Each structure stands twice: as structure tokens, then as C-alpha cells.
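Asks: Residue 195 in the working numbering is what sits at position 195 of the sequence shown, and the numbering runs on without skipping anything.
We put the CB at the ideal spot given by N, CA and C, even for glycine.
Remember, it's a predicted structure, so these values are computed and weren't measured experimentally.
Handing you this structure, nothing more for now.
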Amino acid sequence: MTGPLLSVQGLTKHFPLKTGQVKAVDGVSFDVAAGETLALVGESGCGKSTTGRMLLRLTDPTAGSIAFDGEDFLGLGRAALRRRRREMQIVFQDPYASLSPRNRVEDIVAEPLDVHGLCESRAARRERVIELLRLVGLDAIHLRRHPFEFSGGQRQRIAIARALAPQPRLIVADEPVSALDVSVQAQVVNLMQDLQEKFGLAYVFISHDLAVVRHIAHRVAVMYLGRLVEIGTTETLFSAPHHPYTQALLSAAPVPDPERKRTRIVLAGDVPSPANVPSGCHFHPRCPVAQAICRESVPALRDVGGGHRAACHFGKPFPIPV
Ligand code: SF4
């Protein structure tokens with residue numbers, strides 16, 4: 001394969017209301033290469049989780065296209081979709097809610113094996129589940145236990161083992177460590193990195209936590225009110241953000257080096273409702289450097305150098321007044 005593993009073009013999800021519609025996702029485009037981690041970041045309600053769900057067709061897009069390994073994913077019939085779904089798995093934020101409380105770990109982890117008919121015997125199924133548990137740092141002694149007998153971090157390891165079961169090439173991880181204590185977050189993130197290295201996995205890593213994203217992602221895509229406003233490598237996006245919204249987000253994130261000072265950019269007002277999005281650049285009512293054109297015209301996502309793209313009419317880092 002020479003092209004990207006996943007290619008998303010103009011992905012859109014509008015939910016109809018009695019009057020008008022909620023523009024949850026509004027024309028998002030990006031690629032993910034095999035073995036790469038792309039982080040989708042933004043505040044709550046920016047459309048990142050809806051985007052993640054559409055990637056697996058858990059939510060149907062209103063418009064746009066998704067190609068997986070060059071194949072039109074949205075056009076697949078039932079049988080072909082089932083086959084492809086083996087290669088794309090999801091891990092949710094709350095492992096307790098995503099693991100059936102009545103089932104034992106063995107059956108939870110084996111669920112994708114059963115769905116896709118991947119084990120020929122009970123013995124082979126058990127052997128594979130034990131192998132998967134070991135991959136995530138658990139053991140055969142955990143097979144007969146229920147989710148409530150585990151800590152939050154262990155439950156997320158079980159969810160990861162289940163996602164790994166059908167040998168996927170891509171995992172959509174929707175806030176996978178947000179519900180965990182900070183010390184446990186690091187362990188789960190390191191586990192995900194190890195598994196990526198071992199199996200060449202690609203991740204779409206959805207998060208609002210920039211410190212975690214900086215640690216795990218190769219590239220970062222920033223969303224605001226259903227649109228992508230900036231995308232680039234983690235290094236360039238963190239060191240030279242071009243979009244004023246990205247600059248504000250980064251200014252609020254903890255700095256790894258406490259000696260370094262950073263001035264926090266406080267944005268005016270709250271994120272507007274996706275049912276009533278501002279005209280032109282969605283960010284204009286809160287943007288500290290907005291100008292007249294920003295109210296009228298939607299900025300395109302333009303290359304600002306080296307494949308780094310930003311959706312701002314002015315396309316360069318601003319000296320933001322603070
Ligand atoms: Fe701010 Fe205008 Fe750029 Fe939008 S287009 S981010 S409002 S300067």
C-alpha cells in the first residue's frame with residue numbers, strides 16, 4: 001500500500017432540529033498513515049467524538065467520503081463492512097460503561113473473535129484471550145473475573161485487549177485515558193505506544209488533554225465547532241501554532257518545563273452552540289485578532305509550510321494581545 005491507511009474528505013454530520021440543524025461536524029478532511037497516531041483535539045462539543053464514530057460507521061455521515069486502504073468505506077455492503085470492521089476498532093473513554101458488567105473477562109475479550117469466527121475451538125479461543133491479556137499486562141488468572149473486580153486502568157487494559165483481538169490496523173481511541181488518574185494515564189499511554197510499535201497500529205487519538213497528545217501523537221488536528229482549524233506535526237503545531245484558537249488552547253496547557261513562562265490567552269465568551277454557529281470563521285466572536293473579513297468569509301485550510309495547514313485568513317502566527 002502506498003497511499004494513506006485512512007483518508008477522510010469533507011466528512012459532515014448535521015443533526016436535524018425542528019427548526020434548523022446542529023452542525024456537529026462540518027466538512028472535515030485528513031489522512032492517517034499506517035502506524036501513525038493522529039490526535040483530534042478541541043473542547044467538548046467540537047465534533048471530535050462524532051468524527052471518531054463516523055470513521056467506524058457507528059454514526060452515519062451526512063456527507064463526505066472515507067477511504068480505508070484505498071477502498072470506499074461508506075459504500076460497503078453488509079458483508080464487506082463486517083470484513084473491514086475487523087481492521088478498525090474503537091476504545092471508549094469509560095471502560096466500565098463499555099464492558100458488559102455481567103460477562104467475564106474471557107468472554108469480553110473474545111467477543112470480536114466470536115463475531116468474526118476467528119477461533120476454531122474453545123481451547124484456541126482461550127489461548128488467544130490469554131495471549132491478548134498478557135499483551136496488555138494482565139494474566140490468565142483474570143479470565144474468570146468480572147469488570148467490577150478491576151481498577152479503572154485495568155479495565156481500560158481489558159478494553160484494549162478486546163480491541164486488539166481481531167488484529168486491527170487502526171484503533172479509534174476516544175478519550176481513552178481521561179477517566180483515569182494521572183499516574184495510570186501514563187501507563188496506559190505507554191502501553192498503547194508499545195502496542196503500536198509491536199503491531200504497526202494506527203491510532204486516531206481523540207483527546208482534550210494536550211499534555212497527553214504531545215506525548216503520544218505524531219500529528220495533531222485541532223477542531224473548533226465542527227471544523228478543522230489547524231493540522232500539522234506535533235512538533236510544529238506545539239512550537240509554532242498558526243491559528244489563534246490553537247494558540248489559546250496551548251497557552252492554557254501545562255508547560256513541561258516549569259522554568260519556562262507562558263502567558264495565558266483568555267478567550268472571551270463560551271463556545272457557541274453548534275445549532276447556531278457564527279458566520280464566516282466560526283471562531284470570530286472569540287478571536288482576539290478578528291477583522292471584518294472574518295465575519296463574512298470562511299477561511300480555507302491552507303498550507304502554511306511543510307504540510308502544516310491552518311484555517312485563518314491571515315495564515316501566520318499572530319502577536320496576540322494579552
Ligand atoms: Fe481569527 Fe479571523 Fe483568523 Fe478566524 S480567520 S482565526 S477570526 S483572524
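Measure the beta-carbon distance from Asp26 to Arg227 and round it to whole angstroms, keeping in mind my assumption that it falls under 8 Å.
Replies: Rounded, the Cβ-Cβ distance is 5 Å, consistent with contact.
Asks: In the DSSP assignment, find the unbroken alpha helix (DSSP H) run with Asp194 in it and report its ends.
Replies: 182-199
Asks: For a test of your reading of the model: does the CB of Cys323 fall under 8 Å from any non-hydrogen atom of the ligand SF4? Yes or no.
Replies: As shown, the chain starts at 1 and ends at 322. That puts residue 323 outside it, with no answer to give.
Asks: Do Val229 and the ligand SF4 come close, with the Cβ less than 8 Å from some heavy atom?
Replies: yes
Asks: Among Cys294, Phe15, Arg102, which has the Cα closest to the Cα of Gln312?
Replies: In the sequence as displayed, the identity of residue 312 is Cys instead of Gln. Ranking the options by Cα distance to Cys312, first place goes to Cys294.
Asks: Check the DSSP bridge columns for Met88 and list the partner residues they point to.
Replies: Leu170
Asks: Rounded to the nearest angstrom, what separates Lys198 and Arg286 at their Cα positions?
Replies: Taking the Cα positions, Lys198 is about 43 Å away from Arg286.
Asks: I'd like the ranges of any beta strand (DSSP E) spanning at least 3 consecutive residues and lying wholly in the stretch 41-69.
Replies: 63-68
Asks: Just the Cα atoms here: how many angstroms apart are Ala300 and Ala310?
Replies: 8 Å
Asks: Got a sec? Which residues, its chain only, sit under 7 Å from Thr236 by beta carbon, not counting five neighbours each side?
Replies: If we look at Thr236 and ignore the five residues flanking it on each side, its Cβ neighbours are Gly306, His308.
Asks: Looking at Met223: is its Cβ nearer than 9 Å to the Cβ of Val28?
Replies: yes
Asks: Over the uninterrupted beta strand (DSSP E) stretch that includes Ser207, give me the two end residues.
Replies: 202-207
Asks: Once DSSP output is grouped into helix, strand and coil, what is the label at Leu249?
Replies: helix
Asks: So does the stretch 128-144 actually touch the stretch 82-93, counting three or more Cβ pairs closer than 8 Å?
Replies: Between the stretch 128-144 and the stretch 82-93 there are fewer than three C-beta pairs closer than 8 Å, too few to call the two in contact.
Asks: Buried or exposed, going by whether 16 or more other CB atoms sit within 10 Å of the CB of Ala163?
Replies: So Ala163 ends up on the buried side.
Asks: Since Pro274 and Gly45 are thought to touch, with beta carbons under 8 Å apart, how far apart are those beta carbons, to the nearest angstrom?
Replies: 7 Å
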